[in-house]
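Take a look at the structure set out below.
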Amino acid sequence: MENSSVNSQMLDARICHCGQISVTRISWTENNPGRRFRGCRFYGRPDACDYFSRMDPPPHPQYKTVINGLLRKANNNENREMKMRRSVKLHHIALGVKLTYPSLWYVGIRTLQRFEWESISILHFDEGTLQILESLLVAKDVKLLGEVRSALTEFMRDESLQIIREIAEKSVEHKLLCTDFLIRVFALIGDIQSSLSLRYEALVMREQKAAIDPRLQVSCTEWLTFAEHLLDHCFYSIANKACKKALLCIKPNHVSDPETDHFFHNVHLIEKIKKLKDVSAALNFFTIWYALL
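Converting from the sequence shown to the numbering used here requires adding 1 to each position, the first position being numbered 1.
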């Protein structure tokens, strides 16, 4: 009965005076920058009700100082609101899920202070940013650590999509630099799926541009190493594709001519790749078959 009462109260708190489900908004006032609240879904219209409910505790004075400073600095930035939303989202992560991990508060403040608005993204593509993200993963509480990792994963997936859109017209070198950074970030926070997906995209991008710039050529060893990592993490279908690409990278003349230095090495390499390809194909088949049972 008690649980039913609590659930009822939570449901009531989401319903505005109009009888509609309220919506989450973010305040950008000087006293409550980035503070979330729930309000009428018809806000701004004549028929809107006056329903209002705070979701977050009052902001810390130091946090208000940092956010208001960033707002003033970003006044002439056309992406101001979008970037502020990113800051606040990262700040909520740094709070350690509803202030249950106080030491993360100060990490969040330092993180916000280090971000520059003039950069292409709120994230810097350097070791410093990786160290900041790593510092967010120091919780000793296993449950809390899982919550922080989950929040960081959600944040970084949203952020990576924005970054990819922003660099769409940039050079291949710039795209690869940003992608490599995101690969490392996802690996750091434990999102192996996103990390491996971006690695595949980066290798394919290099492969497509190699005709123009030979320096971007993907070697057989790179594809093989990637296939092994995919297999280790149960991505059998993509591992099979990587093996096929690895085989295509081996020059035919080095395989057919026993007099070349590469002959015996490549024969062994081909056998290894084919074995890996067969294993990944078999595991992928059994995975699909088991899912259909």
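We put the CB at the ideal spot given by N, CA and C, even for glycine. Here the structure is a predicted model, which is why all the values come from computation and not from measurement.
As the crow flies, the alpha-carbon of N33 is around 13 angstroms from that of S54. Taking the Cα of R15 as reference, the smallest distance to any Cα among N285, E208, Y52 is reached at Y52. One alpha carbon belongs to R26, the other to R36, and they sit about 9 angstroms apart. When the Cα atoms are used, L183 and S151 turn out to be separated by approximately 16 angstroms.
In terms of Cβ geometry, D192 and T226 do not form a close pair [threshold 8 angstroms]. Rounded to whole angstroms, C221 and S28 show a C-alpha spacing of 53 angstroms.
Selection L293, S281, E160 evaluated against E229 yields S281 as nearest (Cα-Cα). The alpha carbon of A240 has as its nearest neighbour, out of Y291, L284, I165, the alpha carbon of L284. Residue nearest to S23 within the set L231, A247, M56, E208 is M56 (criterion: CA-CA distance). A direct Cα-to-Cα measurement between L248 and I271 gives close to 7 angstroms. Assignment of I239 by DSSP, reduced to helix, strand and coil, places it in the helix class. Per DSSP, the beta-bridge partners of V24 are G40. Under the three-state reduction of DSSP output, S54 falls in the strand class.
Rounded to whole angstroms, P59 and T30 show a C-alpha spacing of 12 angstroms.
Taking 8 angstroms as the cut-off, the beta carbon of D181 is found closer than this to the beta carbon of A203. In this structure, the CA atom of K176 is about 9 angstroms from the CA atom of M206.
Comparing C-alpha distances from R39 to each of Q21, D48, P47 shows the shortest one belongs to Q21. The three-state reading of DSSP puts I168 in coil, since its state is none of H, G, I, E or B. Linking I190 to G147 through their CA atoms gives a straight-line distance of about 10 angstroms. In the three-state reduction of the DSSP assignment, I251 falls in the coil class, being assigned neither a helical nor a strand state.
Inter-residue distance for K275 and L199 is about 24 angstroms (C-alpha atoms, whole angstroms). Around the CB of I289, fewer than 16 other CB atoms lie within 10 Å, so the residue is classed as exposed. For Q209, the enclosing alpha helix (DSSP H) covers residues 193-210. If you check the CB distance, L293 and F236 do not come in under 8 angstroms. Short of 6 angstroms from the beta carbon of S161, and not among the five residues preceding or following it, lie these beta carbons of its own chain, in chain order: L183.
When only Cα atoms are considered, P47 and R158 end up about 37 angstroms apart. Between the alpha carbons of E223 and Y201 lies a distance of about 11 angstroms. Under the DSSP assignment, L232 falls in the alpha helix (DSSP H) whose first and last residues are 221-233. Sorting C41, F156, V173, Q163 by C-alpha distance to the C-alpha of L217 places V173 at the top.
If you ignore the 5 residues before and after V219, its C-beta comes within less than 6 angstroms of the C-beta of L204, R207, E208, all in its own chain and listed in chain order.
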